[in-house]
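Asker: Structure provided below as structure tokens; questions to follow.
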């Protein structure tokens with residue numbers, strides 16, 4: 018009977034929804050309820066109060082709990098793209114620009130110190146950083162995925178954002194399944210990290226307001242923050258695998274899209290121009306023939322080397338150092354902030 022019920026449930030919900038949304042939502046709502054009951058009435062008193070309720074009221078509470086879990090899971094299932102952009106470091110809005118600048122300066126310095134002629138450094142550059150220093154992102158996850166996105170542009174002149182939606186439906190079913198499975202693993206760890214951070218913040222504020230024991234506050238606040246950081250660290254492995262699969266997809270299957278569109282790849286230079294012409298047609302509506310004719314015309318000799326300056330430099334006018342700051346990755350600042358807030362909160366509850 019249990020096996021039949023499980024099979025029916027799996028048929029109603031996708032495996033991806035079950036693991037990446039419903040299960041994390043169940044844990045989050047359950048933990049929030051446990052913290053609320055444990056910090057106010059206490060575990061024993063809460064259990065006794067539950068046993069005193071009649072059957073109808075217990076059923077209503079159970080339905081409300083299930084409804085809350087499903088509601089949170091549905092909300093989470095629509096957050097995948099937003100969470101991925103957030104953890105990549107796409108922080109263009111004003112409140113987060115300072116945070117983005119701190120992370121970008123750190124990774125720019127790390128990028129600048131790497132030497133491609135050394136094998137360990139080359140391996141980090143190959144899968145962990147974009148080739149152009151100006152494209153460096155504030156987070157490790159963002160740099161890993163940016164490296165994959167810029168790979169087809171650097172090798173073939175392909176705009177990945179424009180080509181990927183047209184290429185993906187042409188991929189073999191097994192390759193699409195591989196991409197989906199790795200992407201699901203990445204989204205799962207990011208969801209865990211996000212919910213752990215949400216639980217850490219919400220439970221910490223609630224326990225401070227209710228005057229809960231300091232040990233319970235530290236357990237919920239610091240424990241949630243630790244799980245959030247661990248979840249993010251665990252997401253880096255699937256991100257590298259996903260980035261490699263994206264590179265493989267463009268390397269192996271880009272010709273299938275050209276054939277489907279009625280074009281031949283030709284030589285390396287011809288293929289580069291063709292992809293540029295297709296991007297102009299898809300994005301701006303420019304005729305392919307016009308772009309190809311413009312590419313065939315001799316161009317003026319223009320010096321295209323731009324001076325991007327010293328990224329992350331803190332030197333002021335005259336070469337003098339204007340200020341001196343401690344440079345750490347964002348994960349280190351997160352740990353420091355967690356320790357400081359945890360210590361202050363515990364001192365208030367003692």
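In our numbering, the protein residues as written are 18 to 367. We put the beta carbon where it would ideally sit given N, CA and C, even for glycine.
1. Within 10 Å of its beta-carbon, does residue 357 have 16 or more other beta-carbons around it, so buried, or fewer, so exposed?
2. Which stretch, first to last residue, makes up the alpha helix (DSSP H) that contains residue 186?
3. Which residues in the same chain have their Cβ closer than 6 Å to the Cβ of residue 229, if we skip the five residues on either side of it in sequence?
4. Taking just the CA atoms, how far does residue 113 sit from residue 156?
5. What would DSSP say about residue 70, mapped onto helix, strand or coil?
6. So residue 169 and residue 175 are supposed to be a Cβ contact under 8 Å. How far apart are they, rounded?
7. How should residue 214 be labelled, buried or exposed, when 16 other C-beta atoms within 10 angstroms of its C-beta is the threshold for buried?
8. State yes or no: is the C-beta of residue 101 within less than 8 Å of the C-beta of residue 246?
9. My understanding is that residue 241 touches residue 217, with C-beta atoms under 8 Å, so please give their C-beta distance in whole angstroms.
10. Do the region 256 to 263 and the region 191 to 200 make contact, defined as three or more Cβ pairs closer than 8 Å?
11. I need the straight-line Cα distance from residue 204 to residue 97, nearest angstrom please.
12. Where does residue 38 sit, in a helix, a strand or coil, going by DSSP?
13. Tell me the residue span of the alpha helix (DSSP H) that contains residue 301.
14. Straight-line CA distance for residue 256 to residue 186?
15. Quick one: measure Cβ to Cβ for residue 121 and residue 131, integer angstroms, because I've assumed they're closer than 8 Å.
16. Judging by CA-CA distance, which residue of 61, 58, 366, 294 is the nearest neighbour of residue 305?
17. Between the Cα of residue 83 and those of 53, 47, 154, 70, spot the shortest distance and give me the residue it belongs to.
18. Is the beta carbon of residue 158 less than 8 Å from the beta carbon of residue 253?
19. Between which two residues does the alpha helix (DSSP H) containing residue 239 stretch?
20. Just to check my reading of the structure: residue 74 and residue 38 have Cβ atoms closer than 8 Å, yes? What is that Cβ distance to the nearest angstrom?
21. By the 10 Å Cβ neighbour count, where 16 or more other Cβ atoms means buried, how is residue 319 classified, buried or exposed?
22. Look up residue 112 in the DSSP assignment and say whether it is helix, strand or coil.
23. Going by other Cβ atoms of all chains shown within 10 Å of its Cβ, with 16 needed for buried, is residue 314 buried or exposed?
24. Taking the alpha carbon of residue 33 as the reference point, which residue from 119, 81, 95 has its own alpha carbon closest?
25. Quick one: what does DSSP say residue 58 is sitting in, helix, strand or coil?
26. State the Cα-Cα distance for the pair residue 195 and residue 258, rounded to the nearest angstrom.
27. By the three-class DSSP mapping on this structure, what secondary structure does residue 46 have?
28. Quick check on the DSSP output: the alpha helix (DSSP H) that includes residue 104 runs from which residue to which?
29. For residue 355 and residue 222, I'd like the C-alpha separation in whole angstroms.
30. Count the other C-beta atoms from every protein chain shown that fall within 10 angstroms of the C-beta of residue 271, then say buried if there are 16 or more, exposed otherwise.
31. Cβ of residue 255 within 7 Å of any heavy atom in the ligand FAD?
Answerer: A quick look at the data gives this:
1. exposed
2. Per DSSP, residue 186 belongs to no alpha helix (DSSP H) and is neither H nor E.
3. 56
4. 13 Å
5. coil
6. 4 Å
7. buried
8. no
9. 3 Å
10. yes
11. 6 Å
12. helix
13. 285 to 301
14. 21 Å
15. At roughly 16 Å, the Cβ-Cβ gap does not stay under 8 Å, so residue 121 and residue 131 are not in contact.
16. 294
17. 47
18. yes
19. 231 to 277
20. About 29 Å; that fails the 8 Å criterion.
21. Because the pLDDT at residue 319 is just 45, under 50, the model does not fix this residue reliably, and the point stays unresolved.
22. helix
23. exposed
24. 95
25. coil
26. 10 Å
27. helix
28. 97 to 105
29. 13 Å
30. buried
31. Ligands in the displayed structure: none, and consequently the ligand FAD is not present.
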